[in-house]
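Peer 1:
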Amino acid sequence: MSLFITSLNSGSNGNCYYIGNETEAILVDAGISCREIENRMKRLGLYIEKVKAIFVSHEHSDHIKGVALLSKKYNLLVYTTIATMIHGGLTVEKNLVVLFNAHEQINIGGLSIIPFPKLHDACDPYSFIISCNNTKVGVFTDIGGPCKNLINHFKQCHAAFLETNYDDVMLEQGSYPYYLKRRITGGMGHLSNKQALDLFINHKPSFMSHLFLSHLSKNNNCPNLVQNLFNTYANGVQIIVASRYEEIPVSHITNSYGVKSGRKTPNTSSSQLAFSFS
Ligand SMILES: [Zn+2]
Ligand SMILES: [Zn+2]
37 MSLFITSLNS GSNGNCYYIG NETEAILVDA GISCREIENR MKRLGLYIEK VKAIFVSHEH
97 SDHIKGVALL SKKYNLLVYT TIATMIHGGL TVEKNLVVLF NAHEQINIGG LSIIPFPKLH
157 DACDPYSFII SCNNTKVGVF TDIGGPCKNL INHFKQCHAA FLETNYDDVM LEQGSYPYYL
217 KRRITGGMGH LSNKQALDLF INHKPSFMSH LFLSHLSKNN NCPNLVQNLF NTYANGVQII
277 VASRYEEIPV SHITNSYGVK SGRKTPNTSS SQLAFSFS
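In structure tokens, the structure reads:
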């Protein structure tokens, strides 16, 4: 089995990533409104009925804004930790909350999800790696630095959403106050283009097919700049910028590198097939 993945939004204004197989799906974070999630999924031909759970990476509002309402409306399980719930003021129906532990695998139908801790200035932040049979996708945003956990998991991914938050020069020469610049670059903030590129060059597995540049800063980065930077080193990997403003086309990730098909999912009629496989 393979995975269908997309970013519904990515950036400090809201994050929501969809990862699913042919029968079920999860969202990593729901940091845009319930309505936007519904509209964007619909435009992509994705069915919200397939979504079984929301995994919450950490309590910052750009990751949790839509969680409570979406969970309530569709009876979705919310996988999180006590600390994140308390610090984020997350008010999810008690019976829909599932607490997870670092490094412990969670199975949802044919999907397996492993949360692992990351460096970020939140109370209890996690990244996730999602697999279906042997196809693996990572969601790695809001990361202060490339820790051992991140490197180990990145090496296993057929595709990854990887934070490229800022260009060093743009941030340094930009208008942010000193304390904010230090917060971003201080090891518990965000990953720079250069840090992400180093990770990509040094630890990209040979079977990686897609890299989604994610959580770009509006003020301290430029989609074209980072796209061109990564294209130079892509070496066959498809580089896609995850937008701050809209959903991006669904990508089909398989575990056989080089074989990318545009076949449709069984429940999707051709008239509803809004996927644009990339
Ligand atoms: Zn964020
Ligand atoms: Zn954050």
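In our numbering, the protein residues as written are 37 to 314.
Think of the CB as a built atom: it goes at the ideal place given N, C-alpha and C, for glycine as much as any other residue.
Everything numeric in this text was worked out from a predicted model, so none of it was measured.
Kindly provide the ranges of any beta strand (DSSP E) runs that are 3 or more residues long and lie completely inside the region 129-207, ordered along the chain.
Peer 2: Segments of the beta strand (DSSP E) lying fully in the region 129-207: 133-135, 142-144, 147-153, 162-168, 171-176, 195-199.
Peer 1: Specify the secondary structure class of L56 as computed by DSSP and reduced to three states.
Peer 2: Checking the sequence shown, residue 56 turns out to be Gly, not Leu. Correct three-state label for G56: strand.
Peer 1: Among all the DSSP beta bridges, which residues are the ones paired with Y212?
Peer 2: DSSP output for Y212 lists no bridge partner at all.
Peer 1: The beta strand (DSSP E) with L247 in it runs from where to where?
Peer 2: Run containing L247: 246-250, per the beta strand (DSSP E) assignment.
Peer 1: Beta carbon of A320: closer than 7 Å to some heavy atom of ligand 2?
Peer 2: Past the boundaries of the shown model lies residue 320; the chain is included only from 37 to 314, so the question cannot be answered.
Peer 1: Out of H123, T127, D160, C168, which has the shortest C-alpha to C-alpha gap to N143?
Peer 2: Measuring from the Cα of N143, the nearest candidate turns out to be C168.
Peer 1: Got a list of residues with beta-carbon closer than 6 Å to any non-hydrogen atom of ligand 1, in chain order?
Peer 2: Every residue passing the under-6 Å Cβ criterion appears here: S48, N51, H96, D98, H99, D178, H251.
Peer 1: Just to confirm the assignment, what range does the beta strand (DSSP E) spanning H288 have?
Peer 2: Its beta strand (DSSP E) spans residues 287-289.
Peer 1: So is the beta-carbon of H156 under 7 Å away from any non-hydrogen atom of ligand 2?
Peer 2: Yes, Cβ of H156 sits closer than 7 Å to a heavy atom of ligand 2.
Peer 1: Tell me the start and end of each unbroken alpha helix (DSSP H) in the region 75-121 that is at least 4 residues and wholly inside, in chain order.
Peer 2: The region 75-121 contains these whole alpha helix (DSSP H) runs: 97-100, 103-110.
Peer 1: Closest to F164 by C-alpha separation, out of Y215, V92, G145, would be which residue?
Peer 2: Comparing Cα positions, the closest option is V92.
Peer 1: For S43, list the residues DSSP reports as bridge partners.
Peer 2: According to DSSP, which records beta bridges pairwise, S43 is partnered with Y53.
Peer 1: How far does the beta strand (DSSP E) with A61 in it reach, from first residue to last?
Peer 2: That run of the beta strand (DSSP E) goes 61-64.
Peer 1: Would you call the region 148-161 in contact with the region 202-216, where contact means no fewer than 3 C-beta pairs closer than 8 Å?
Peer 2: No, they do not touch.
Peer 1: Please check the pair I276 and F248, which I expect to be a contact at CB under 8 Å, by giving their CB distance rounded to whole angstroms.
Peer 2: Confirmed, about 5 Å.
Peer 1: What residues are listed by DSSP as bridge partners for V273?
Peer 2: In DSSP, V273 forms no bridge with anything.
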